[in-house]
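Here the structure comes first, spelled out in structure tokens, and everything after it is commentary.
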Amino acid sequence: MNDTFLMLGIESSCDETAAAIVNSDGTILASEVASQMEVHAAHGGVVPEIAARAHLDAIDVVIGRAMETAGIAMGDLDGGAATGGPGLIGGVVVGTVAAKAIATARRIPYYAVNHLEGHALSPRLVDKVGFPYLLLLVSGGHTQLLAVRAPGIYERYGTTMDDAAGEAFDKSAKIMGLGYPGGPAIERIAAKGNARLVQLPRPLRGANHCHFSFSGLKTAVATRLAAIEADDGEAGIPDLAASLQAAIADCLADRAKRAMARFADAHGPATLVIAGGVAANKAIFTRLETEADKAGFALSVPPAWLCTDNAAMIAWAALERKDSPDDLDFAPRPRWPLDPDAAPPPGRGVRA
Ligand code: KG4
Ligand code: ZN
């Protein structure tokens, strides 16, 4: 392996504009993230048109900052990678055009990286987790269980039938008036609550597949909140937040348990990796740690900055297949499943 292959990574598929420089030996020379959180907070969620414009404003600055931090010039780059999907298409186009322009000008290879693959391979950047492993990807846009067998070879065990786990946090937090993003707000306030005081459902617990469903939880949260506001019991908002966090943790643990059994049947017990913004939640980590222990799996969680959207994971995913670049006519993809052959969840449409 050529140790000096320097990859520029660009991420712009949601509400973070990010650029990173990563070496093929796994050294991260720079990882810069410009968050649009404040811009979207006023709207209680990401507004696609505003996001695209903000990416356009930030992209050059963020790439420049990454080059400066890494102490390199454009001429030192050996490859340019950008998220090519799935995601909000306006943002994906901005990052893709930037990477293609740099690749063309510098005559270096261009890589269109699947954002989910970025998350899926990220544990190998820091922990050198070996193939195959089981990945629980839990973010604002995705909730999936995947067997990661090699770069480009994924078997999807399960996905959400409706909301993602992060969405369950975000939408519930909005109902409770806790602001955006909801996950960190709920975790903070849940620390002061008692989960046992409010009963919430555990959708799909015990089901004989590995899919998820979270939309019923936000409806239940709205009902319990109305009862709390009507002041008909001892429970308060912190108790509701604690109960929601426990319900989501239970659902994730139950589905992960089933997936670990399936994975172990095929490959033997290995490592369960949790990635995505929701992986930052301590209660969820603890719950999954117990479940992994019982199944004989090791648990690996990349550091928080690598769990949330970033460009180092995009650069790394490209480095894992640096000898197979993409054509410059690659068209950004709003939907791009990692496992195109995956069976859909029973009876419902699937999010890619
Ligand atoms: O991976 P990410 O940064 O962006 C996406 O690709 O979506 O994930 C963002 C999601 C949001 O839904 C946010 O509420 C959730 O991750 N999140 C958390 C926590 N920190 C972020 N959820 C629960 N607990 C947290 N501490
Ligand atoms: Zn993501």
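The opening residue of the sequence shown carries number 164 in the working numbering; numbering runs sequentially from there.
The beta carbon of each residue, even a glycine, is placed where N, CA and C say it ideally should be.
Here the structure is a predicted model, which is why all the values come from computation and not from measurement.
Since residue i and residue j should fall inside the 8 Å C-beta cutoff, what is the C-beta to C-beta distance between them, to a whole number of angstroms?
| i | j | result |
| --- | --- | --- |
| L482 | F168 | 7 Å |
| V441 | G321 | Their Cβ separation, rounded to whole angstroms, is 15 Å, which puts V441 and G321 out of contact at 8 Å. |
| I173 | A244 | 7 Å |
| V196 | I213 | Wrong, their Cβ atoms sit about 18 Å apart, outside the cutoff. |
| G258 | P488 | Contact flag wrong, Cβ pair sits at about 16 Å. |
| V384 | Y296 | So it is not a contact: roughly 33 Å between Cβ atoms. |
| E454 | A505 | Rounded, the Cβ-Cβ distance is 23 Å, inconsistent with contact. |
| L171 | L240 | 5 Å |
Taking the straight line between their C-alpha atoms, what separation do you get for residue i and residue j?
| i | j | result |
| --- | --- | --- |
| V464 | A416 | 15 Å |
| G238 | R269 | 7 Å |
| M230 | T190 | 14 Å |
| C470 | S175 | 15 Å |
| K355 | A446 | 13 Å |
| F448 | W468 | 16 Å |
| C414 | M324 | 13 Å |
| K337 | A348 | 10 Å |
| G303 | S187 | 29 Å |
| A404 | E179 | 26 Å |
| P509 | V225 | 42 Å |
| L288 | I235 | 21 Å |
| G342 | T246 | 28 Å |
| N165 | A264 | For N165, the predicted structure reports a pLDDT of 48, less than 50, and the residue's modelled location is therefore unreliable. The matter cannot be settled from this model. |
| R425 | R484 | 28 Å |
| S335 | L284 | 30 Å |
| A215 | N473 | 17 Å |
| R359 | I400 | 13 Å |
| M339 | V361 | 14 Å |
| D486 | R387 | 54 Å |
| F460 | G281 | 22 Å |
| E392 | G346 | 22 Å |
| T232 | G293 | 30 Å |
| V209 | N357 | 31 Å |
| D456 | L298 | 16 Å |
| P344 | H372 | 30 Å |
| A370 | G439 | 24 Å |
| A139 | H305 | In the structure displayed, the chain extends from 164 to 515; residue 139 sits before or after that span and is not available. |
| G254 | L279 | 16 Å |
| A217 | V301 | 25 Å |
| D333 | R228 | 30 Å |
Taking 6 Å as the cut-off, is the C-beta of residue i nearer than that to any heavy atom in the ligand NAD?
| i | result |
| --- | --- |
| D325 | The model on display carries the ligand KG4 and the ligand ZN but not the ligand NAD. |
For residue i, which residues of its own chain have a beta-carbon under 7 Å away from its beta-carbon, when the five flanking residues on both sides are left out?
| i | result |
| --- | --- |
| A331 | F377, L380, K381 and I411 |
| A515 | Low confidence applies here, because A515 scores a pLDDT of 45, under 50, leaving its location unreliable and the question unanswered by this model. |
| V513 | Low local confidence applies: a pLDDT of 45 at V513 is under 50, so the model's placement there is unreliable, with the coordinate-based value given in what follows. So the qualifying residues of the chain are T322 and P507. |
| L219 | V257 |
| P466 | V289 |
| A398 | L360, V361 and I391 |
| G207 | K337 and Y343 |
| A261 | I173, I222, I226 and A245 |
| R421 | C373 |
| I352 | L341, I400, P401 and A404 |
| P211 | L251 and G253 |
Can you name, in chain order, every residue of its own chain whose Cβ lies under 6 Å from the Cβ of residue i, other than the five neighbours on each side?
| i | result |
| --- | --- |
| L520 | Examination of residue 520 is not possible in this model, given that the chain is present from 164 through 515 alone. |
| N444 | E350 |
| S198 | E179 |
| A458 | M423 |
| E452 | L462 |
| V256 | P495 |
| R450 | A412 and A416 |
| P286 | V292, V436, S463 and P465 |
| A266 | G243 and Y273 |
| A433 | Y296 |
| D394 | none |
Using a Cβ-Cβ cutoff of less than 8 Å, which residues in the same chain neighbour residue i once the five nearest sequence positions on both sides are dropped?
| i | result |
| --- | --- |
| A205 | none |
| P364 | G379, L380, A383 and A410 |
| M200 | D178, Y343 and P344 |
| P314 | E280, L284, A480, E483 and R484 |
| E318 | L309, A310, R312, D502 and A505 |
Is residue i close to chain B, meaning its C-beta is less than 7 Å from at least one C-beta of that chain?
| i | result |
| --- | --- |
| T322 | The structure shown contains no chain B; it holds only a single protein chain. |
| Secondary structure, alpha helix (DSSP H): runs of 4+ residues fully inside the region 292-349 | 328-338
| message | List, from N- to C-terminal side, the beta strand (DSSP E) runs of 3 residues or more that fit wholly inside the region 224-299. | response | 242-248 and 273-277
| Residue ranges of each alpha helix (DSSP H) run of no fewer than 4 residues wholly in the region 179-227, ordered along the chain? | 200-204
| said: Closer than 8 Å is the cut-off here; do at least three beta carbon pairs connect the region 422-431 with the region 298-317? | reply: yes
| Are at least three pairs of beta-carbons, each pair with one atom in the region 471-481 and one in the region 171-191, less than 8 Å apart? | yes
| Touch test, the region 272-283 against the region 396-415, Cβ-Cβ under 8 Å, three pairs minimum | no
| field | 3-residue-minimum beta strand (DSSP E) runs that sit fully inside the region 452-505, ordered along the chain | value | 461-463
| Would you call the region 496-503 and the region 247-261 touching, i.e. three or more CB-CB distances under 8 Å? | yes
| field | alpha helix (DSSP H) runs wholly inside the region 408-457, at least 4 long, in chain order | value | none
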